[in-house]
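Chemist: Quick mapping for you: the protein sequence lines, in order, are chains U and G. Reading the first sequence from the start, the letters are residues -17 to 98 in this note's numbering. Reading the second sequence from the start, the letters are residues 7 to 119 in this note's numbering. Every residue, glycine too, gets a C-beta built ideally from N, C-alpha and C. Source: prediction; values computed, not measured.
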Amino acid sequence: ETGVTQSPTHLIKTRGQQVTLRCSSQSGHNTVSWYQQALGQGPQFIFQYYREEENGRGNFPPRFSGLQFPNYSSELNVNALELDDSALYLCASSVLAGGALSRELFFGEGSRLTVL
Amino acid sequence: AQSVTQLGSHVSVSEGALVLLRCNYSSSVPPYLFWYVQYPNQGLQLLLKYTTGATLVKGINGFEAEFKKSETSFHLTKPSAHMSDAAEYFCAVRRQGAQKLVFGQGTRLTINP
Chain U
-17 ETGVTQSPTH
-7 LIKTRGQQVT
3 LRCSSQSGHN
13 TVSWYQQALG
23 QGPQFIFQYY
33 REEENGRGNF
43 PPRFSGLQFP
53 NYSSELNVNA
63 LELDDSALYL
73 CASSVLAGGA
83 LSRELFFGEG
93 SRLTVL
Chain G
7 AQSVTQLGSH
17 VSVSEGALVL
27 LRCNYSSSVP
37 PYLFWYVQYP
47 NQGLQLLLKY
57 TTGATLVKGI
67 NGFEAEFKKS
77 ETSFHLTKPS
87 AHMSDAAEYF
97 CAVRRQGAQK
107 LVFGQGTRLT
117 INP
């Protein structure tokens, strides 16, 4: 168990709706990353947050947005849901020091989103 | 750009047999390399990592991997498979100083009794 917790574990939405996923990082960690894992594929980097600001982004459209709070917890928001957004969304926390990750990523168990 | 190729989306071995999961990467600079395991309906757990130093890296649950720069490979091995090793395995690469991990497509390992 890594200490990274995500909620909800499962949810179902319909196309066009909006969704918010939540993540509590491991104690002592100051950076949070989000990954999308489609069925049968490896995780894809969405973005990373550090000091409440986006600190790197993958190839995802602006309707994917996030927040990081002072306690280092985070939210992933997805607007105008599409069928292809159905996936497992993984949150990972780590420590960023001197501009580089000084620890490996610790992953939560994910939030499985189904878009109908 | 970095990329990771895992050869074989499915690997099946008998209990007690050698496990070999293959991973090749492309990177313009020496990367950090990782193997993660994912059990059904769970997140990713780090098995082992290579950053610098000794090229043979030992991880948890009896797994090890060897970084071969000349072959751009980081294959994962375990001398004797156990039923509990059945899972999805992901190889990943991260450029030094970068924030994101780049994952391979994964290899599903099945253990036959």
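Does the region 49 to 65 of chain U touch the region -1 to 10 of chain U, meaning 3 or more C-beta pairs lie closer than 8 Å?
Modeler: Flag = yes, the region -1 to 10 of chain U and the region 49 to 65 of chain U touch.
Chemist: Assuming methionine 89 (chain G) and proline 119 (chain G) are in contact, meaning their beta carbons sit under 8 Å apart, how far apart are those beta carbons, in whole angstroms?
Modeler: Here residue 89 (chain G) corresponds to residue number 83 of the second sequence, with the count starting at 1. Here residue 119 (chain G) corresponds to residue number 113 of the second sequence, with the count starting at 1. Confirmed, about 7 Å.
Chemist: Where does leucine 39 (chain G) land, buried or exposed, given buried means 16+ other C-beta within 10 angstroms?
Modeler: Residue 39 (chain G) sits at position 33 when you count from the first residue of the second sequence. Counting Cβ neighbours within 10 Å, leucine 39 (chain G) comes out buried, since at least 16 surround it.
Chemist: Looking at the C-beta of leucine 53 (chain G), does it have a partner C-beta in chain U at a distance below 8 Å?
Modeler: As a working mapping, residue 53 (chain G) is identified with position 47 in the second sequence. For leucine 53 (chain G), the answer is no, since every Cβ of chain U falls outside 8 Å of its Cβ.
Chemist: By a C-beta neighbour count over all protein chains shown, 10 Å radius and 16 as the cutoff for buried, is aspartate 91 (chain G) buried or exposed?
Modeler: As a working mapping, residue 91 (chain G) is identified with position 85 in the second sequence. That one is buried.
Chemist: Can you pull the chain G residues whose beta carbon is under 7 Å from the beta carbon of phenylalanine 27 (chain U), in chain order?
Modeler: On the first sequence, residue 27 (chain U) is found 45 positions in, with the first residue counted as 1. Those within 7 Å of phenylalanine 27 (chain U) in chain G are Lys106, Leu107.
Chemist: Taking 8 Å as the threshold (C-beta atoms), are phenylalanine 27 (chain U) and leucine 54 (chain G) in contact?
Modeler: Within the second sequence, numbered from 1, the residue matching residue 54 (chain G) stands at position 48. Within the first sequence, numbered from 1, the residue matching residue 27 (chain U) stands at position 45. Cβ atoms of leucine 54 (chain G) and phenylalanine 27 (chain U): not closer than 8 Å.
Chemist: Would glycine 83 (chain G) pass as a contact of valine 25 (chain G) if the rule is Cβ separation under 8 Å?
Modeler: Along the second sequence, one-based indexing puts residue 83 (chain G) at 77. Along the second sequence, one-based indexing puts residue 25 (chain G) at 19. Note that residue 83 (chain G) is threonine in the sequence shown here, rather than glycine. Going by C-beta atoms, threonine 83 (chain G) is nearer than 8 Å to valine 25 (chain G).
Chemist: Could you check what DSSP says for leucine -7 (chain U) in three-state terms: helix, strand or coil?
Modeler: Here residue -7 (chain U) refers to the residue found at position 11 when the first sequence is read from its first residue. Leucine -7 (chain U) falls in the strand class under three-state DSSP.
Chemist: Going by DSSP, what residue range makes up the beta strand (DSSP E) through threonine 78 (chain G)?
Modeler: For the purposes of this step, residue 78 (chain G) is taken as the residue at position 72 of the second sequence. No beta strand (DSSP E) contains threonine 78 (chain G), which DSSP labels as neither H nor E.
Chemist: Closer than 8 Å, CB to CB, is glutamine 111 (chain G) near chain U or not?
Modeler: Here residue 111 (chain G) is taken as the residue at index 105 of the second sequence, counted from 1. So yes, glutamine 111 (chain G) belongs to the interface.
Chemist: Can you pull the chain G residues whose beta carbon is under 8 Å from the beta carbon of glycine 90 (chain U), in chain order?
Modeler: The count along the first sequence starts at 1 and reaches residue 90 (chain U) at position 108. The contacting residues are Gly49.
Chemist: Please state whether DSSP places asparagine 59 (chain U) in a helix, a strand or coil.
Modeler: For the purposes of this step, residue 59 (chain U) is taken as the residue at position 77 of the first sequence. Residue state, collapsed to three classes: strand.
Chemist: Mind checking which residues open and close the beta strand (DSSP E) that includes glutamate 70 (chain G)?
Modeler: The count along the second sequence starts at 1 and reaches residue 70 (chain G) at position 64. That run of the beta strand (DSSP E) goes 70 to 74.
Chemist: Drop a sphere of 10 angstroms on the beta-carbon of glutamine 102 (chain G), count the other beta-carbons inside from all chains shown, and report buried for 16 or more, exposed for fewer.
Modeler: The residue labelled residue 102 (chain G) in the question sits at position 96 within the second sequence. Label assigned to glutamine 102 (chain G): exposed.
Chemist: Just confirm the distance between the C-beta atoms of valine 97 (chain U) and lysine -5 (chain U), as a whole number of angstroms; I'd bet it's less than 8 Å.
Modeler: Position 115 of the first sequence, counting from 1, holds the residue named residue 97 (chain U). Position 13 of the first sequence, counting from 1, holds the residue named residue -5 (chain U). Sure, about 5 Å apart at Cβ, within 8 Å.
Chemist: Which residues bound the beta strand (DSSP E) around threonine 13 (chain U)?
Modeler: Here residue 13 (chain U) refers to the residue found at position 31 when the first sequence is read from its first residue. Taken as a continuous stretch (DSSP letters only), the beta strand (DSSP E) holding threonine 13 (chain U) covers 13 to 19.
Chemist: Between glycine -15 (chain U) and serine 75 (chain U), what straight-line distance do the alpha-carbon atoms span, to the nearest angstrom?
Modeler: Locating residue -15 (chain U) in the first sequence gives position 3, counting from the first residue. Locating residue 75 (chain U) in the first sequence gives position 93, counting from the first residue. If I take the Cα positions, the gap works out to 9 Å.
Chemist: Given a limit of 9 Å on CB to CB distance, which residues of the region 69 to 80 of chain G reach chain U?
Modeler: Residues: none.
Chemist: Between which two residues does the beta strand (DSSP E) containing glutamate 35 (chain U) stretch?
Modeler: One-based indexing of the first sequence puts residue 35 (chain U) at position 53. Run containing glutamate 35 (chain U): 35 to 39, per the beta strand (DSSP E) assignment.
Chemist: Nearest to glutamate 206 (chain G) by CA position, among G:Thr57, G:Lys64, G:Ala71, G:Gly49, is which residue?
Modeler: Limits of chain G in this structure are 7 at one end and 119 at the other, which puts residue 206 (chain G) out of reach.
Chemist: Can you check whether the C-beta of glycine 10 (chain U) is within less than 8 Å of a C-beta belonging to chain G?
Modeler: Working through the first sequence from its first residue, we reach residue 10 (chain U) at position 28. For glycine 10 (chain U), the answer is no, since every Cβ of chain G falls outside 8 Å of its Cβ.
Chemist: What number of angstroms, rounded off, separates the C-alpha of tyrosine 31 (chain U) from the C-alpha of tyrosine 31 (chain G)?
Modeler: The count along the first sequence starts at 1 and reaches residue 31 (chain U) at position 49. The count along the second sequence starts at 1 and reaches residue 31 (chain G) at position 25. Cα to Cα, the separation comes out at about 26 Å.
Chemist: Work out the CA separation of glutamine 50 (chain U) and glutamate 34 (chain U) for me, nearest whole Å.
Modeler: In the first sequence, the residue the question calls residue 34 (chain U) occupies position 52. In the first sequence, the residue the question calls residue 50 (chain U) occupies position 68. The alpha-carbon atoms of glutamate 34 (chain U) and glutamine 50 (chain U) are separated by roughly 5 Å.
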